[in-house]
Structures are given as structure tokens and as C-alpha cells.
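Chains as they are written, first to last, in the numbering used here: chain A, 1 to 331; chain B, 1 to 331.
Yeah, the Cβ is synthetic: ideal placement off N, Cα and C, and Gly gets one too.
Read the structure below first, then the notes.
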């Protein structure tokens with residue numbers, strides 16, 4: 001029995017490639033006093049990881065070259081010398097990209113796979129769900145009847161945003177890439193409409209889907225999609241900005257041309273990340289857990305099999321090849 | 001005795017030219033029941049007027065071709081059949097670009113030229129001052145010791161923003177065009193520093209002037225100046241956006257390249273215009289009037305002589321040729 005780890009081998013120059021990663025084998029860690037060892041079942045792959053691969057100043061420290069790639073996992077405690085976690089507990093930890101992790105309990109969360117599926121704690125009942133909840137409730141603040149638009153609508157964050165907004169009585173329009181994702185968002189997630197940004201008609205399609213304009217835009221992507229949305233924002237509308245995936249490889253792709261809309265429509269734009277609002281995680285997770293348990297929030301997962309396939313899955317995520325929450329199954 | 005008026009003769013295609021205006025003579029209006037006639041002493045020229053000349057959707061209706069150009073004046077009531085205004089009263093009205101205006105009292109404000117100079121009611125104790133007050137207090141919300149940056153710093157809005165922020169105990173850095181304006185902002189208005197955006201070294205000069213980064217940016221200009229500022233914003237900083245004068249002739253000039261900063265620094269950007277906050281005018285004007293009266297807020301004026309020179313003065317304003325609040329003296 002060995003541990004496997006994926007390290008950041010080199011920082012990407014532009015697009016991420018598999019050569020930026022390396023796979024190594026090590027021994028399985030042993031718990032010291034106050035620590036526990038977790039066997040990870042699922043690794044979450046998330047767009048924010050792209051930023052950690054760069055050296056540029058961002059909201060979190062860079063990952064170190066040669067270190068295990070940062071990431072959150074769910075798994076089972078297999079050995080514990082920690083007073084609050086015992087063998088057999090299921091936990092979410094910041095183990096990184098590896099089969100076995102060691103934790104002193106910092107940032108660890110005990111989870112209950114009998115309440116919602118274990119993997120959901122990495123999605124709608126985890127960081128992506130909390131991101132959706134905070135951005136919508138704190139920054140978007142939609143009123144019933146208002147029109148809420150969300151990009152990357154079939155993803156872990158976007159899908160949750162839209163379903164939460166529907167529960168608030170909003171008209172909800174998704175933006176996603178390709179017919180299959182749009183059909184899923186409309187038919188399975190229950191959005192009022194979903195616009196395919198790859199269909200080449202984004203501006204007109206948005207206008208048709210948002211005949212009363214847009215009151216809240218939850219943005220995960222930036223770039224040309226944001227520019228198109230800006231042309232349809234209403235007076236006193238709000239933009240919750242939590243991701244710019246269209247420009248993670250190339251900041252030039254984030255150029256905004258229709259900046260005038262911010263003034264003309266007196267838009268309130270708020271950049272945020274979910275860890276800015278630690279005090280909101282508890283109420284957010286309680287609500288999200290219940291909604292997933294009750295089937296009122298649905299989600300879809302793309303599951304890569306085996307740690308060795310994590311780099312390819314992550315590269316696909318950055319290109320929008322995933323369909324729903326991207327996970328790596330480790331057991 | 002004749003009235004003179006300047007009409008919007010044609011909408012500009014790009015830059016405004018004198019051919020967009022025409023000067024006509026008409027009779028002096030007579031007050032009907034519930035009306036009064038005002039002889040205007042000063043006409044205010046303001047950047048927002050550029051937007052009114054276009055047909056494009058904006059926050060206010062376009063000015064009509066063939067109608068008197070919109071604008072605010074201060075002057076003396078010379079005839080009144082209005083119960084609340086009498087001959088000899090000094091008033092601010094939305095007379096437009098003309099020597100004599102008629103009013104039913106809507107939007108009119110009685111002013112006292114013995115308290116502060118009459119022209120100040122078009123500047124620091126008028127719409128520009130209120131814009132500064134609202135943007136700083138409602139949207140910028142600086143704390144003592146924070147760094148506040150304001151563009152168009154020698155102008156009617158910018159100069160007031162900076163002096164209000166100094167009174168709050170902030171470090172205040174202006175951005176203005178040319179050495180003379182920067183010297184005035186630093187020496188006369190008491191800013192801690194002023195950066196000359198025409199000197200060709202904006203990014204480095206901003207960095208030197210804001211060694212702790214920027215917590216609040218009050219923007220009147222947009223475009224490359226905004227892009228440079230975005231590179232120095234602190235985490236959780238605020239941008240109050242009330243003008244985009246760099247792009248009023250050409251929206252392409254407003255392209256924002258450094259959009260990533262909004263996410264990385266979790267910036268809160270708020271587009272606003274002062275008329276969105278009618279409830280704040282009374283407290284804002286009371287405070288601003290007292291501060292100007294007490295000499296705690298200073299200002300400078302560029303005064304064009306005669307209505308016929310208003311178009312040239314307005315064109316100069318759009319190019320930054322004014323130095324302080326741009327007025328036209330009508331008597």
C-alpha cells in the first residue's frame with residue numbers, strides 16, 4: 001500500500017498541460033499526536049486551482065513548485081490521534097491531490113454520507129454551493145420576479161445559483177456551452193431558459209431570453225460573455241463576480257469593451273470569493289444540505305477515475321469539457 | 001432686450017464641434033400664473049451634457065435636436081406669479097443654455113449669495129458637490145488612514161471629493177492632467193499628492209504616491225487611467241464610478257484590460273449618478289455649504305464670458321482644457 005501524489009512540477013506558460021504535473025509514490029502517512037489520516041474517496045477539481053499554479057498576486061498564495069497540488073477531498077478517517085475525529089468518520093479536508101492525507105483538524109469538516117452522497121460535500125453542499133449561496137444572497141440580492149442570469153450554468157456553482165434563484169421566485173436564465181448542457185440546465189435543473197454561448201448568437205439570444213433585461217448576473221467566466229451580458233443589464237442591477245475562467249490562461253481575453261454600461265445602468269459589481277465570508281458558511285451549508293437532501297437542488301457530476309487522470313480532467317475543466325461538477329474518484 | 005438661447009443643432013458624430021450648436025434670439029418670456037422668470041447670471045457646463053447630446057440609451061433622456069441645450073443656471077428672479085419665489089430672489093434652475101428662463105418652481109432651489117458666492121451653487125454647493133459627497137460617503141466609505149484616489153482632481157467634483165476625504169483623515173491622491181493642475185491640487189486643495197497622467201509614467205507615479213495601495217477610487221474618467229488604477233487597488237477596495245469622460249466621444253476608449261483586478265481584489269464597483277439619491281441632497285448641501293462658507297472646501301472656476309462662448313467652453317471642458325469648475329458668465 002502506497003500513497004500517490006500529484007505535484008506541481010512547473011508553472012504553466014499560458015494553457016495548462018500535463019507536463020505541469022508529476023505523479024509520485026510515497027509511504028502512507030502516520031498520525032502524530034493531534035492528527036488523523038484520511039483515505040480520500042473523491043478529489044474536487046475547481047477553476048480556482050488555475051490561479052494557484054501561477055506566481056502572480058492573487059487572493060491566495062501560489063502553490064509551490066514541487067509540492068502536492070492544493071485541493072479539497074472527501075474521505076474516511078483510517079487512523080486518528082485527534083480528540084474530535086475517529087477512525088470511520090467521513091471528513092472533508094484540504095488534503096490536496098493525493099490518495100491519503102494527514103490533518104490536524106484545521107479546515108476539516110465532518111460530513112454524513114447518509115444525509116447526502118459523499119461527493120455532494122465537494123459540490124452543492126461544499127465550497128461551490130457556498131459560493132453560489134453567498135454570491136446570490138449577499139451580492140446579487142434578487143427580488144421575486146427579477147431576472148437572474150448565471151454563466152457556466154451547468155457547473156457546480158452555476159447550477160446551484162440558478163436553482164436557488166428559482167426557489168426565490170426569479171426568472172432564471174443560464175448561459176452554457178453547447179446544446180447538451182443547455183438542455184440539461186433547462187430540462188433537469190428547471191431554469192426558465194439557457195443560452196448556448198457557442199451558438200454564435202449570444203447577444204440576440206440573451207435579449208430574447210431576458211425580455212425584461214437582467215437584474216442580477218452571477219459571473220463565473222468574464223470575457224466576451226460578460227461583455228454581451230453588460231449590454232442587457234437593467235438600471236440598478238447587480239453583478240456578483242466569482243470567476244473569470246475565460247481568462248485564466250490569458251488575461252487579455254478578459255478585456256471588457258462595454259464598460260460604459262456600469263455607469264449608464266448604475267451597476268453594482270462585487271468581486272468575491274467564498275472564503276471572504278466565513279461567518280456565512282454554517283447557515284449556507286445547513287440550507288444547501290437540506291435542499292439537496294430534499295431533492296430541491298439537483299446536480300450532475302463528471303467523474304474521472306483514478307488520481308493519475310486528474311491532470312487531464314483538470315485541463316478539460318478549464319476548457320469547459322466537464323459537464324457538471326468535476327471530481328476524481330480515488331477508491 | 002432680447003433673450004438669447006443656444007440650441008442643439010445636430011447630434012455629434014464623435015467629437016463635439018461648434019456646428020452642433022446654434023445661437024438664436026427670442027423674446028424674453030413672461031410669467032404665467034404659478035411661474036417666474038429668472039435672469040441667469042451663470043450657466044454651469046458639465047460633462048454629463050455630452051451624454052444628452054447623443055441618442056443612445058443612457059440614464060437620462062436625450063436632449064432634442066432644435067431645443068435649448070439642457071443645463072443648470074443660477075440667477076435672479078425678475079418677475080414672479082409663483083407663491084414661493086419673488087422678484088429679487090436668487091435661484092438655481094434648470095433653465096438650459098439661455099439668458100432668461102421660465103420656471104414653475106419644479107427643480108428650482110432658492111440660494112443665498114451672501115452665504116457663499118452665487119456661482120458656488122453650481123459647483124461645490126451644487127450638483128458637483130453633491131456628486132462628490134454621495135460617491136465618497138455612500139459608495140467609497142473610506143476609513144481614516146485609508147488611501148483615496150480621485151481622477152479629474154482639479155475639477156468641481158474631484159476637488160470636493162479629495163477635500164472631503166482629507167477631512168475624514170484619509171491619505172488623498174489626485175490624478176490630473178498637467179503640472180499646473182497638479183500643483184494646484186497639491187498646494188491649494190491640500191491633497192497629499194497629485195499624479196500627472198499626461199507625464200507618461202502613470203503606473204509608476206501612482207505606485208509611488210500610493211505606497212499602501214488604493215482603498216477607494218472615485219472615478220470621473222474611465223479608460224486608461226482606470227486601468228492603471230486597477231493595478232494598485234487593495235483587497236476589499238471600493239470604486240465609485242460617476243463619470244467616463246475619456247470615452248464620451250468614443251466608447252472604444254473605455255476598454256478595460258485589467259478586469260482581473262475586480263476579482264483578485266474583491267473590488268466593489270458602484271456606478272452612480274447624483275440624482276439616484278434625492279434623499280441625500282439636503283444633508284449633503286447643508287454640509288457642503290457650511291464647509292465652503294468656512295473656507296474648508298476650496299474650489300477654482302474657469303469662467304467663459306458670454307453665452308455665445310458656451311459651445312467653445314464646453315468643447316474645452318470635454319478635452320480637459322478647463323481648470324476647475326467650468327462656468328459661463330451671462331451678465
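Counterpart residues of residue i in DSSP-defined beta bridges
| i | result |
| --- | --- |
| residue 43/B | 73/B and 328/B |
| residue 102/B | 37/B |
| residue 175/A | 151/A and 195/A |
| residue 80/B | 36/B |
| residue 68/B | 7/B |
| residue 256/A | 256/B |
| residue 85/B | 82/B |
Range of the contiguous beta strand (DSSP E) that encloses residue i
| i | result |
| --- | --- |
| residue 233/B | 233–241 |
| residue 270/A | 268–271 |
| residue 303/B | 301–305 |
| residue 90/A | 90–93 |
| residue 110/B | 109–111 |
| residue 131/A | Not the beta strand (DSSP E): residue 131/A falls in the alpha helix (DSSP H), residues 127–134. |
| residue 52/A | Premise fails: residue 52/A lies in the alpha helix (DSSP H), 48–53, not in any beta strand (DSSP E). |
| residue 214/B | 214–219 |
Rounded Cβ spacing between residue i and residue j (contact assumed at less than 8 Å)
| i | j | result |
| --- | --- | --- |
| residue 69/A | residue 60/A | Not confirmed; about 13 Å, so no contact. |
| residue 194/B | residue 173/B | 7 Å |
| residue 135/A | residue 272/A | 6 Å |
| residue 336/A | residue 66/A | Outside the shown range of chain A, which is 1 to 331, sits residue 336/A, and nothing can be said about it. |
| residue 239/B | residue 152/B | Actually they are not in contact, since the Cβ atoms of residue 239/B and residue 152/B sit about 14 Å apart, beyond 8 Å. |
| residue 198/B | residue 223/B | Residue 198/B to residue 223/B, Cβ: 13 Å. No contact. |
| residue 256/A | residue 210/A | With 8 Å as the limit, residue 256/A and residue 210/A do not qualify as a contact, their Cβ atoms being about 19 Å apart. |
| residue 269/A | residue 241/A | 6 Å |
| residue 91/A | residue 284/A | The Cβ separation is near 19 Å, so there is no contact. |
| residue 331/A | residue 39/A | 7 Å |
| residue 18/B | residue 4/B | Rounded, the Cβ-Cβ distance is 16 Å, inconsistent with contact. |
| residue 214/B | residue 234/B | 6 Å |
Endpoints, the alpha helix (DSSP H) within which residue i is located
| i | result |
| --- | --- |
| residue 209/A | 202–209 |
| residue 262/B | 260–264 |
| residue 5/A | No alpha helix (DSSP H) holds residue 5/A; the beta strand (DSSP E) holding it covers 3–8. |
| residue 25/B | First-last for residue 25/B: 21–26, but that is the beta strand (DSSP E), not the alpha helix (DSSP H). |
| residue 249/B | Taken as a continuous stretch (DSSP letters only), residue 249/B belongs to no alpha helix (DSSP H), as it is neither H nor E. |
| residue 311/B | 310–318 |
| residue 293/A | 281–293 |
| residue 229/A | 223–230 |
| residue 156/A | 156–167 |
Beta-carbon neighbours of residue i, restricted to chain A and to distances below 7 Å
| i | result |
| --- | --- |
| residue 273/B | 266 |
| residue 270/B | 268 |
| residue 66/B | In chain order: nothing, as chain A lies at least about 25 Å away. |
| residue 45/B | Those within 7 Å of residue 45/B in chain A number zero; the least Cβ separation is about 19 Å. |
| residue 222/B | 259 |
Cutoff 8 Å: residue i Cβ touching any chain C Cβ
| i | result |
| --- | --- |
| residue 93/B | No chain C appears in this structure, whose protein chains are A and B. |
Chain-ordered chain B contacts of residue i [CB-CB under 9 Å]
| i | result |
| --- | --- |
| residue 334/A | The requested residue 334/A is not part of the displayed model; chain A covers only 1 to 331. |
| residue 59/A | 235, 263, 264, 265 and 266 |
Beta-carbon neighbours of residue i, restricted to chain A and to distances below 8 Å
| i | result |
| --- | --- |
| residue 336/B | Since the first residue shown for chain B is 1 and the last is 331, residue 336/B is missing from the structure and cannot be characterised. |
| residue 255/B | 255, 256, 257 and 259 |
| residue 241/B | 262 and 263 |
Contacts that residue i makes with chain B (C-beta to C-beta distance below 7 Å)
| i | result |
| --- | --- |
| residue 251/A | 260 |
| residue 276/A | 266 |
Interface partners of residue i on chain A, CB under 9 Å
| i | result |
| --- | --- |
| residue 54/B | Those within 9 Å of residue 54/B in chain A number zero; the least Cβ separation is about 11 Å. |
| residue 247/B | 259 and 260 |
Next on the checklist: Between the region 23–40 of chain B and the region 98–108 of chain B, can you find at least three pairs of beta-carbon atoms closer than 8 Å?
Outcome noted: Judged by Cβ distances under 8 Å, the region 98–108 of chain B makes contact with the region 23–40 of chain B, as three or more pairs qualify.
Next on the checklist: For the pair the region 177–184 of chain B and the region 105–117 of chain B, tell me if three or more CB-CB distances fall below 8 Å.
Outcome noted: The way I'd put it, the region 177–184 of chain B doesn't touch the region 105–117 of chain B; fewer than three beta-carbon pairs between them come closer than 8 Å.
Next on the checklist: Does the contact criterion of 3 or more C-beta pairs under 8 Å hold for the region 210–221 of chain A versus the region 139–157 of chain A?
Outcome noted: Cβ pair count under 8 Å is three or more, so yes.
Next on the checklist: For the pair the region 305–312 of chain A and the region 261–281 of chain A, tell me if three or more CB-CB distances fall below 8 Å.
Outcome noted: With the cut-off at 8 Å, the region 305–312 of chain A and the region 261–281 of chain A do not touch.
Checklist entry - Are the region 8–20 of chain A and the region 71–90 of chain A touching, with three or more C-beta to C-beta distances below 8 Å? => result Below 8 Å, too few C-beta pairs join the region 8–20 of chain A and the region 71–90 of chain A to call them touching: fewer than three.
Checklist entry - Would you call the region 289–305 of chain A and the region 124–135 of chain A touching, i.e. three or more CB-CB distances under 8 Å? => result Taking a contact to require three or more Cβ pairs closer than 8 Å, the region 289–305 of chain A and the region 124–135 of chain A qualify as touching.
Checklist entry - If you pair each beta-carbon of the region 315–330 of chain A with each one of the region 84–93 of chain A, do three or more pairs fall below 8 Å? => result They do not touch, by the three-pair rule.
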